[in-house]
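Read the structure below first, then the notes.
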């Protein structure tokens, strides 16, 4: 992450189509999905840079039409920035499939390593996508559209934290970009993409679920429950 610290804001923005610019736009897109808006502090945490550096970069990105600033809330992607971020997300998910299915890396490792590959040329990913059999989902359950599609499919799912007691659901996605620690915690609980859950209890600290495959019960704290996305049965 040191590259962000060494480069000044002007150089970050001068890298049109470069990996640093793409990383900022992708961070905003992912935070929008999780919180509805991207705040400076959250972007700084994801990218491992100081809030002051992030503020300078985001202000430039907004002036150049990549972002939209909403006073007292945060940043959203403008169409110009969204087009770039979606392309990077597509490349990232294709890379994850390759790293997970072909090379055998686990869900956390493939996410980390995909960051190193996602800035490769489009032609590389078009060929890789076809080689992999045109996959429809990444290892974390996120959709992979065809490369000629202008949009990334929206999944009609909700955070586990929104499920009510007595509801049955299937885990559709795990938002892996938030925290490796949370992903590891979900794995230890035996919860992953495809897990069938029954919400048996809720309190101020956690959600108690029964995992269909094992019959065991697990207490999922709300920090983790927010990144586990489910479809009701």
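Residue numbers (my numbering): 22 to 254.
A virtual CB, placed ideally from N, CA and C, is assigned to each residue, including glycine.
Here the structure is a predicted model, which means the values were calculated and not measured.
- Of 120, 210, 107, the smallest CA-CA separation from residue 232 is found for 210.
- Within the region 128-175, complete alpha helix (DSSP H) segments of at least 4 residues are found at 128-138, 143-152, given in chain order.
- With fewer than 16 other Cβ atoms from the protein chains shown falling within 10 Å of its own Cβ, residue 100 counts as exposed.
- The beta carbons of residue 220 and residue 212 sit no closer together than 8 Å.
- Relative to residue 153, the option among 93, 216, 178, 114 whose CA is nearest is 114.
- Bridge partners of residue 180 according to DSSP: 250.
- In the DSSP assignment, residue 189 falls within the unbroken beta strand (DSSP E) covering 189-195.
- With a contact defined as Cβ atoms closer than 8 Å, residue 58 and residue 112 miss out at about 25 Å.
- Taking C-beta atoms under 8 Å as the contact rule, residue 178 and residue 193 qualify, at a distance of about 4 Å.
- Annotated three-state conformation of residue 119 is helix, per DSSP.
- Boundaries of the beta strand (DSSP E) around residue 232: 227-232.
- Excluding residues up to 5 positions away in sequence, nothing lies with its Cβ nearer than 6 Å to the Cβ of residue 141 in the same chain.
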